[in-house]
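Residue numbers (numbering that gives the first Met the number 0): 0 to 147. Below is one structure, written out as structure tokens, with a few remarks after it.
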Amino acid sequence: MSEISTKPYLIRAIFQWCVDQGFAPYLAVAVDNRTTVPRNFVQDGQIVLNISPDATQSLVMGNELIAFQARFGGIAQNISVPVDSVSAIYARENGHGMAFEVSALPSGDAADTDVNIESLPSAVSSPLTDDVPEPPKGGGRSHLKLVK
């Protein structure tokens with residue numbers, strides 16, 4: 000008897016925690032030929048989806064597939080994501096959540112699935128990279144004043 004994966008249960012648990020806290024749960028997904036998402040929103044083979052109850056309709060989080068309807072650019076679309084393609088679920092407001100390994104695709108699929116947490120798009124803020132210039136340094140004194 001094969002062991003059932005804990006991944007869909009953990010995804011549902013983090014989703015429920017986000018909703019209970021009033022946070023927007025975001026799902027980071029490695030896009031391949033099994034995912035049904037608007038391709039023009041895919042960046043570097045990944046897409047981040049807001050799966051909050053306010054942003055989705057008919058959300059079904061099964062053990063094999065996550066499916067719902069959402070609007071992209073004002074157009075309602077049916078979205079389906081295999082649980083194996085989910086690379087993370089986290090709260091937009093504070094980034095707390097969980098990252099997962101993306102399962103290898105069945106043979107014959109050509110999509111790249113190497114995903115690590117550092118490569119995930121951030122909905123809160125993007126980390127500084129080498130191509131982003133550093134802000135100029137001040138004179139050492141703070142420009143803020145203490146007001147009593």
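The beta-carbon is built from N, C-alpha and C at its ideal position, and this holds for glycine as well.
Buried or exposed, going by whether 16 or more other CB atoms sit within 10 Å of the CB of Val28? Locating residue 28 in the sequence shown gives position 29, where the first residue counts as 1. A buried status is given to Val28, since no fewer than 16 other beta-carbon atoms sit within 10 Å of its beta-carbon.
State buried or exposed for Ile50, treating a residue as buried only when at least 16 other CB atoms are found within 10 Å of its CB. By 1-based counting over the sequence shown, the position of residue 50 is 51. It counts as buried.
Using 10 angstroms around the beta-carbon of Thr5, count the other beta-carbons present and answer buried if the total reaches 16, otherwise exposed. Translated into the one-based positions of the sequence shown, residue 5 becomes position 6. Exposed, because fewer than 16 other Cβ atoms sit within 10 Å of the Cβ of Thr5.
Any idea if Gly21 is buried or exposed, counting beta-carbon neighbours within 10 angstroms, 16 or more meaning buried? Counting from one through the sequence shown, the residue named residue 21 turns up at place 22. It is exposed - the Cβ of Gly21 has fewer than 16 other Cβ atoms within 10 Å.
Ile88 by DSSP, collapsed to three states: which one? As a first step, residue 88 must be located in the sequence shown, where it is residue number 89. Here Ile88 sits in strand by DSSP.
If you follow the beta strand (DSSP E) that Ile74 is in, where does it begin and where does it stop? If you number the sequence shown from 1, residue 74 lands on position 75. Note, Ile74: beta strand (DSSP E), Ile74 to Pro81.
Using 8 Å as the threshold, is the C-beta distance between Phe153 and Ile88 below it? The chain is shown from 0 up to 147; residue 153 falls before or after that span and cannot be answered.
Ends of the beta strand (DSSP E) at Gln70? Taking the sequence shown and counting its residues from 1, one reaches residue 70 at position 71. Looking at the sequence shown, residue 70 is not Gln but Arg. Segment Leu64 to Phe71, the beta strand (DSSP E) holding Arg70.
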